Structures are given as structure tokens and as C-alpha cells.
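Q: Chains as they are written, first to last, in my numbering: chain A, 1 to 288; chain B, 289 to 576.
We put the beta carbon where it would ideally sit given N, CA and C, even for glycine.
All values derive from a computational prediction rather than experimental measurement.
Quick one: structure below, then a few questions.
Protein chains: 2
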Amino acid sequence: MSDAPSQATTAPQPAPPTPTTSEFDRDTVVSTREPGVHQTHLAPGWAIGKALNGGYLLAVLGRALRQALPHPDPFTITAHYLTATAAGPATIRTDVARSGRTVSTASAGLFQTDERGTEVERIRVLATYGDLDALTDDIRTSAGPPAIPPREQCFRSTDHPDGAAAVPEMGHRLDLRLDPQTCGWALGAPSMRGEMRAWLALADGRDPDPLSLLMTVDALPPTGFELGLTGWLPTVELTVHVRARPAPGPLRVAVTTRNLAGGFLEEDVEVWDTADRLVAQSRQLARA
Amino acid sequence: MSDAPSQATTAPQPAPPTPTTSEFDRDTVVSTREPGVHQTHLAPGWAIGKALNGGYLLAVLGRALRQALPHPDPFTITAHYLTATAAGPATIRTDVARSGRTVSTASAGLFQTDERGTEVERIRVLATYGDLDALTDDIRTSAGPPAIPPREQCFRSTDHPDGAAAVPEMGHRLDLRLDPQTCGWALGAPSMRGEMRAWLALADGRDPDPLSLLMTVDALPPTGFELGLTGWLPTVELTVHVRARPAPGPLRVAVTTRNLAGGFLEEDVEVWDTADRLVAQSRQLARA
């Protein structure tokens, strides 16, 4: 026993965790300045046209909430998009409603300073976090993964007749492969069915996790394109349920719109992992 | 012109609005004490077992938000249920995030004082309101109403072999008629399909409106009962999209659960009115 401490201090130390080089991890970094106040720098690489993608922004907010709460994983998170968010610095304020044993709940707001120096709220969020690893293995689902051709038979954005120039900035962060059945819109012949299906991975090979799922549910082209709509379909509200920690490898994403009415439409999303588990469900309300 | 004013003052005045006697309207009254602070008295008539129904509570919060915001109708509202809410007095605090021309967004919290005199937050909410009457008439939906037998062929709660004693308190506020295909659970023979369908109206004949829809989406027995689960399935989170102002008359409500896994399940709800319009969509995450 007597020399054990000395041996412990001279034994080889485990290597420190490798600093991540993933674009997604680097572009969602959040620094907690004081309890409840977090700083971030939103990256231009996640823009679609002039606007930063709502799923990317939700992942940044999700990371701030992970730092503010005692549980690691977003079980359910809702964002209301108030004003368009620009690349650059932003402040996230978190407000914990309840910290329980198995779950905890908080609100958050993302703020930016506008050109007049006024702080403006861009997004408000409400979320409940838990620990996906603490869930039971009991699965009695009736849901099955979407029918989608193998990846090599799907269309990459760069297969578009206009080439890479037609790809929005965020497209370069993703390895997105659209089911040929649901990309008629790209060739001017929308199917008029409200469906979109794709394989999705991060372009740099980073594997999915609960935070990247928050981006994944908002990463496909809008189902509205297959209904003959064009242009930007701004998200009013997006709710994501993360149901399981995803296995490594590309995800299958299926989006459905049933009800386009009164100038609004919903988008229902399911995300399936390589182990055939339904890892996330989401619904958003968007303006047509 | 000279005697017109006198004539106007002596002419019969229009009758004042009839004070409502509807149970739902009486039990959701919210008094604004000062900007952002509202008082209510939660009614025991909306209990299921010991707990007040989450949909009823959402309607009360929805009414407070209507008073706090410049727009009348909940387009999208999300509630996270933190601790069980009891009948009796409660305070609702609202916090407006943004007031726009067509929509406005706010958070709200419902608080009660516990037996030790401490104020405890029961529910936190995030909502965007607008004006359903201002929406376009453009409808390009592919959704159709659920197949459900005529009301007179459906089961009322009082048809249960144990009679009215088996009906939860809230059941007396409702005229609920379950599709015989989805009430095997009540006779000890659940279908093991995650489906529940019913006609639903308020028992006192009050017609549906956007606020009563917030209650309607959480008023049916849990789909989990048809999957063989028993007991209370507490709601973690409930999001409702109100898509159109409902026409008068009984509503058709269809609930589906696809994914029961890891001790949680989702319930997807569609509400259809007598004009065959999809008036509300909701999803909740509940514990099994």
C-alpha cells in the first residue's frame, strides 16, 4: 500500500481528449460568462441565402442549455423564431424553471445587437433535458424506417444541373443525398406530394449526437418545394423530441406536410439511425 | 341633424352581451392584476384522478396570454409540465418576447403556493399568437378527416360496465363518444394499436373555439391504454398548433402513438370540425 500513491503519480496519464476539429462542434461553441449568460459567435457557414439555418441555431441554443442544466440531452425543445439571426456575436440567456432528479426544464433567449446598438431577441426557446443513457431499453414502437433508396442511388446537391453554385452555403457542411422520388422540384417538376426524404451526414464525417439532431431536423429543403411553393418558408416554431442517442453513421430523414392552409404549413420529421431506431421526431410550423 | 343626438340617446340600446354560463368559460377566467401578472382560480371539475387535466390548464394559460398579447388566437403554444397542479388559486406571469404586426410571442409561467408557503412553478409555456380571421382562404391540404362511426354508434363514458362511477371528474364536463374500434382497453382487451378516436363536445353545449381546442387535444383517454399501459401517463410537454377557427358543433379527435420507447411515448392529435377542416394539430411527449 505504501508506495501505491507514488506509483499512481508516475504511471502514464491517459491522453487528454483530442480537441475536436469538427465544423459543427467548432461553430456551436458557447462560453458561459456567468450563470445564465452565455456568449457565442454564430458562423456564416450555416446560412441558407441570407438567413442562418434555424436548426443550426437551435443546436447552439441546445448547447447553452446543456451548460445551464444538470442533464445532458434535450428530450424536448421548442424554439420560436422572432427575427432573422445574422452571423456574428450573440448572447444567450438561460433561465432554469426546475431541476428534478430525472429531468430539468429551462427557457432561453438568443439576443443580438442591431445596427442601432439595441439588443434584439432573435429566438426564444423552452426545453426539458434528461439523460438518454438512463432510459430503459423497452421498445414497443410500431414505427418503421422510411423507404429510401441506397445512398449511392440518391441525388447529391452537386448533381444539380447548375452545379455547386446552386448549393446554399450550409449545403457545404452536409453530405445530403435526396431520394430521387422527392426532388422533382429541383428540376421544375414538383411531385405535389408533401414529402421529402434524404440521407444526411455531416460533410466532415462527424457522427451524429443529440445536439446535431437538432440541426438535422431542419436541414432538408422544405417540403413546400414539392408542393409547388418557392422562396423562403420562414419557421415560426420548431419542436424536437430526441428519443434515443443515434448510432454512428448517416441518418435517414423523412419529412411530411399534410396541411397547407391559411398561409401556414406544418413539417413533420422523423430521423432514423443506422441501427433502425427512431432517434428524433420534430414538427415545425412555417409560413408559406 | 339637431335632434339626432337626443334621438340616439333615447333609442333602444343593443342588449349587453349575455353573460356566459358555460362551465369552460367560467372555469378559465383570468383576472389581470397588473401588466404581466394574472390571477386565476383553477376548478376541481377538470380533474382526472388527483391531477388537473393538462389541456384544461393550457386553456387557462392560453387565456392569460390572450390578455397579455395584441393578437387573439394561439397559433402555436408549447407547455412543459413541471409539477402537479392542484385546484385552487394560481398566479400566471406573462413575459412578452416580441409584438409584431401579424404575430406576437410570449412566455408564461403558472405558479401556486405550496403547503410550506413557497411559490412553486407548475407549468412553463411559450406561445405565438395571431388572428385566425386574418389568414388566407388558400387550402391545399392532403389531410382528410379520420374514419369514425356516427356519434350514435360510439361509446359514451357512462356506457362503461361500471357506470358513471368509473368516469373521471373531467368526464362530466365533456360529451365524449369513443370509436368502438379504439376502446377495447375499457373492457380489458386493448387493440395493441396506438390509436384513439372520438367525437368530443363540451357537455353544456358551448361551441368550440381556439381556447377550447387547447383542452380538446388532451381530453381523450391515453393511446397508451390501447397499447396495454395502465395508470397515469404524465405529460412532459404538449405543443398545439391551432390552424383554423372551428365551426360550431362536435369535433372529431384522432390520436396516434407510433413510438413507445425508453419509457416515453408521443401522442399525435388531429382535431377536425363539422366543416371537415383540420382545426388543430398537437403532439405531446408523455412518460409511460
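Restricting to Cα atoms, I'd like to know which of Asp27/A, Val255/A, Pro74/A is closest to alanine 147/A.
A: When each option's Cα is compared against that of alanine 147/A, the closest is Val255/A.
Q: Here's the rule: buried if 16 or more other CB atoms are within 10 angstroms of the residue's CB, otherwise exposed. What is arginine 389/B?
A: Arginine 389/B is exposed by the Cβ-count criterion.
Q: Within the 8 Å Cβ cut-off, does valine 255/A reach chain B?
A: Judged by the 8 Å Cβ criterion, valine 255/A is not in contact with chain B.
Q: Taking three-plus beta-carbon pairs below 8 Å as touching, is the region 482 to 492 of chain B in contact with the region 330 to 349 of chain B?
A: Output reads no: the region 330 to 349 of chain B does not touch the region 482 to 492 of chain B.
Q: Kindly indicate the opening and closing residues of the alpha helix (DSSP H) around glutamate 152/A.
A: Where glutamate 152/A is concerned, there is no enclosing alpha helix (DSSP H), given that its DSSP letter is neither H nor E.
Q: Using a Cβ cut-off of 7 Å, pull out every chain B residue sitting near phenylalanine 225/A, in sequence order please.
A: Result: empty, since nearest Cβ-Cβ is about 13 Å, beyond 7 Å.
Q: Whose C-alpha, out of Met196/A, Leu233/A, Asp114/A, Asn259/A, is nearest the C-alpha of valine 530/B?
A: Comparing Cα-Cα distances from valine 530/B to each of Met196/A, Leu233/A, Asp114/A, Asn259/A, the minimum goes to Asn259/A.
Q: Contact defined as beta carbons within less than 8 Å: I believe threonine 216/A pairs with alanine 247/A. What is the distance between those atoms, to the nearest angstrom?
A: Contact doesn't hold; Cβ gap of about 14 Å is too wide.
Q: Can you give the beta carbon distance from glycine 476/B to alanine 576/B, rounded, assuming they're within the 8 Å contact cut?
A: Going by Cβ atoms, the distance from glycine 476/B to alanine 576/B rounds to 19 Å, so no, they are not a contact pair.
Q: For the region 123 to 144 of chain A, enumerate the residues whose C-beta is nearer than 7 Å to any C-beta of chain B, in chain order.
A: From the region 123 to 144 of chain A, only Arg124, Leu126, Thr128, Leu135, Thr136, Asp138, Ile139, Arg140, Thr141, Ser142, Ala143 have a Cβ closer than 7 Å to chain B.
Q: So phenylalanine 363/B contacts chain A; which residues on that side make the cut at Cβ distance below 9 Å?
A: In chain order: Val236, Glu237, Phe264, Leu285.
Q: With respect to the alpha helix (DSSP H) encompassing methionine 215/A, which residues constitute its N-terminal and C-terminal limits?
A: Unbroken alpha helix (DSSP H) run through methionine 215/A: 210 to 216.
Q: Which value, in whole angstroms, describes the spacing of the CA atoms of alanine 549/B and arginine 140/A?
A: If you take the alpha carbons of alanine 549/B and arginine 140/A, they lie about 6 Å apart.
Q: Quick one: residues in its chain with C-beta nearer than 8 Å to the C-beta of proline 17/A, no 5 flanking neighbours on either side, listed in chain order?
A: Residue confidence is low: proline 17/A scores 49 on pLDDT, short of 50, so the model does not pin down where it sits. Its coordinate-derived value is still stated next. Nothing listed; no residue qualifies.
Q: Straight-line CA distance for glutamine 355/B to alanine 394/B?
A: Rounded to whole angstroms, glutamine 355/B to alanine 394/B spans 11 Å at the Cα level.
Q: Is it right to say threonine 406/B is buried, meaning 16 or more other beta carbons lie within 10 angstroms of its own, or is it exposed?
A: That one is exposed.
Q: How many whole angstroms separate the CB atoms of arginine 277/A and arginine 571/B, which I take to be in contact at a CB cut-off of 8 Å?
A: So it is not a contact: roughly 19 Å between Cβ atoms.
Q: Does the Cβ of arginine 122/A have 16 or more other Cβ atoms within 10 Å, making it buried, or fewer, making it exposed?
A: Per the 10 Å Cβ criterion, buried.
Q: In chain B, which residues lie less than 9 Å from histidine 172/A when you measure between Cβ atoms?
A: Near histidine 172/A there are no residues of chain B at all, since even the closest Cβ is about 32 Å away, more than 9 Å.
Q: Would you kindly work out how many angstroms separate the C-alpha atoms of leucine 526/B and histidine 368/B, rounded to a whole number?
A: One C-alpha to the other measures close to 7 Å.
Q: What is the DSSP secondary structure of proline 434/B, counted as helix, strand or coil?
A: Here proline 434/B sits in coil by DSSP.
Q: Using three-state DSSP, classify alanine 568/B as helix, strand or coil.
A: In the structure shown, alanine 568/B sits in a strand (DSSP, three-state: E or B).
Q: Quick one: is proline 221/A buried, meaning 16 or more other Cβ sit within 10 Å of its Cβ, or exposed?
A: Flag for proline 221/A reads buried.
Q: Over the uninterrupted beta strand (DSSP E) stretch that includes leucine 174/A, give me the two end residues.
A: Run containing leucine 174/A: 174 to 178, per the beta strand (DSSP E) assignment.
Q: Please confirm whether serine 99/A has its beta-carbon closer than 8 Å to some beta-carbon of chain B.
A: Taking Cβ atoms only, chain B never reaches closer than 8 Å to serine 99/A, which makes this a no.
Q: Assuming contact is defined by CB atoms lying nearer than 8 Å, are leucine 553/B and valine 528/B in contact in what I supplied?
A: No. Outside cutoff.
Q: Taking the alpha-carbon positions, what's the glutamate 403/B to threonine 373/B distance?
A: Near 13 Å, if we compare the C-alpha coordinates of threonine 373/B and glutamate 403/B.
Q: Let me check understanding here. Comparing Cα to Cα, which of Cys471/B, Ala574/B, Gly337/B lies closest to proline 456/B?
A: It is Gly337/B whose Cα lies nearest to the Cα of proline 456/B.
Q: So, are the CB atoms of glycine 194/A and threonine 257/A less than 8 Å apart?
A: A contact, by the Cβ cut-off of 8 Å.
Q: Of all the options Glu270/A, Met192/A, Gly55/A, Val103/A, which has the alpha carbon lying nearest to the alpha carbon of leucine 229/A?
A: Checking every option, the nearest Cα to that of leucine 229/A belongs to Met192/A.
Q: Suppose you measure from the CA of arginine 381/B to the CA of histidine 326/B; what does that come to, to the nearest Å?
A: Straight-line Cα distance between these residues: approximately 6 Å.
Q: Just to make sure I have the definition right: I need the residues of chain A whose C-beta is within less than 8 Å of the C-beta of glycine 343/B. Which are they?
A: Chain A residues near glycine 343/B: none, gap ~17 Å exceeds 8 Å.
Q: Need the endpoints of the beta strand (DSSP E) that glutamine 327/B sits in, please.
A: It spans 325 to 330 - the beta strand (DSSP E) in which glutamine 327/B sits, taken as one unbroken run.
Q: Leaving aside the five residues before and after tryptophan 473/B along the sequence, list all residues of the same chain whose C-beta is less than 7 Å from its C-beta, in chain order.
A: Cβ neighbours of tryptophan 473/B beyond the five flanking positions: Phe513, Glu514.
Q: Excluding five sequence neighbours on each side, which residues of the same chain lie with their C-beta closer than 6 Å to the C-beta of alanine 378/B?
A: Thr328, Leu330, Leu398, Gln400.
Q: In its own chain, which residues sit with a C-beta less than 6 Å from the C-beta of tyrosine 56/A, not counting the 5 before and 5 after it?
A: The answer, listed in chain order, is Trp46, Met215.
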